[in-house]
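Numbered according to mature numbering (1 follows the signal peptide of the UniProt record, and there is no 0), the sequence shown spans residues -21 to -1, 1 to 147.
Built from N, CA and C at the ideal position, the CB exists for glycine as well.
These figures come from a predicted structure and were not determined experimentally.
Read the structure below first, then the notes.
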Amino acid sequence: MRRRHFAAALLVALFAVQACGGGDDAEQPASDFERQLAFSKCMRDNGVDMPDPKEGPDGSIILGAAGAEQSGEKWEAAWEKCRTKLPNGGTHSLSPQEREKQLTFAKCMRENGIPDYPDPGADGLPAGKLPIPEPSDPGYDAAMAKFQQAGEKCGLPAGMMPAQPAGK
């Protein structure tokens, strides 16, 4: 899986995952939320600043943004070590109901001030680049506030989209 997919997943912050199959249940946390927690901890243990996820009111997993470093050798090495802790080992395909929910979310974001918000791909992650500037960009804070406002209008709990990178 390419880093663009994972970085996008962190920024979308709304990602309802399905139950995973296979693997040794004794070594893996029981729920998808617990697996996401284990993944976040693993990434931190491997040098990547990553907040723990939150559980949405509908049972979805809401991801905050990782720190500013979402690429590079350290990121890739941590991703390779930790991705198997994610639900479905870091891969995901949407059910028709999940796809419809995410299409509705993307449409809502576009209607609420984020006109370039992409539809999800088959894996549930945005099919295109999210319209968010780099944290060093002078317009970053305003863009994040706009994203937060649109996300709340589209069903995300207040304060859940996306998290500020470390150092902001």
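Please tell me whether residue i and residue j are closer than 8 Å, where the distance is taken between their beta carbons.
{"i": "K60", "j": "C21", "result": "yes"}
{"i": "A106", "j": "P97", "result": "yes"}
{"i": "Q15", "j": "I40", "result": "yes"}
{"i": "C87", "j": "K33", "result": "no"}
What is the rounded straight-line gap between the Cα of residue i and the Cα of residue j?
{"i": "A47", "j": "A9", "result": "Any reading at A47 needs caution, since the residue's pLDDT is 49, under 50, leaving its predicted position unreliable; the model's value is listed next. C-alpha separation (whole angstroms): 30 Å."}
{"i": "P117", "j": "D95", "result": "19 Å"}
{"i": "A101", "j": "F12", "result": "21 Å"}
{"i": "L135", "j": "A56", "result": "31 Å"}
{"i": "N91", "j": "L109", "result": "15 Å"}
{"i": "G1", "j": "T63", "result": "In this prediction, G1 scores a pLDDT of 39, lower than 50, which makes its location untrustworthy; the coordinate-derived value is nonetheless stated afterwards. So the alpha carbons of these two residues sit roughly 11 Å apart."}
{"i": "R78", "j": "N25", "result": "32 Å"}
{"i": "G103", "j": "L73", "result": "6 Å"}
{"i": "I111", "j": "L42", "result": "16 Å"}
{"i": "I93", "j": "A122", "result": "9 Å"}
{"i": "L65", "j": "V27", "result": "16 Å"}
{"i": "G58", "j": "P99", "result": "Inspection of the sequence shows that residue 58 is occupied by Trp rather than by Gly. For W58 and P99, the distance between alpha carbons rounds to 21 Å."}
{"i": "D4", "j": "D120", "result": "Unreliable positioning characterises D4 in this predicted model, as indicated by a pLDDT of 44, which lies under 50. The coordinate reading is nonetheless provided below. Cα to Cα, the separation comes out at about 42 Å."}
{"i": "R23", "j": "N67", "result": "20 Å"}
Between which two residues does the alpha helix (DSSP H) containing residue i stretch?
{"i": "P75", "result": "P75 to E90"}
{"i": "S19", "result": "D11 to D24"}
{"i": "Y96", "result": "No alpha helix (DSSP H) holds Y96; DSSP gives it neither H nor E."}
{"i": "D120", "result": "Y119 to K132"}
{"i": "K60", "result": "E52 to C61"}
Thinking C-alpha only, which one of the options is nearest residue i?
{"i": "R89", "options": "D37, G130, P36 and S39", "result": "G130"}
{"i": "D31", "options": "F18, I111 and G38", "result": "F18"}
Could one say the Cβ of residue i lies closer than 8 Å to chain B's Cβ atoms, at least one of them?
{"i": "P99", "result": "The chain inventory of the structure shown lacks chain B, comprising one protein chain alone."}
Does the count of Cβ pairs from the region 72 to 85 and the region 120 to 127 closer than 8 Å reach three?
no
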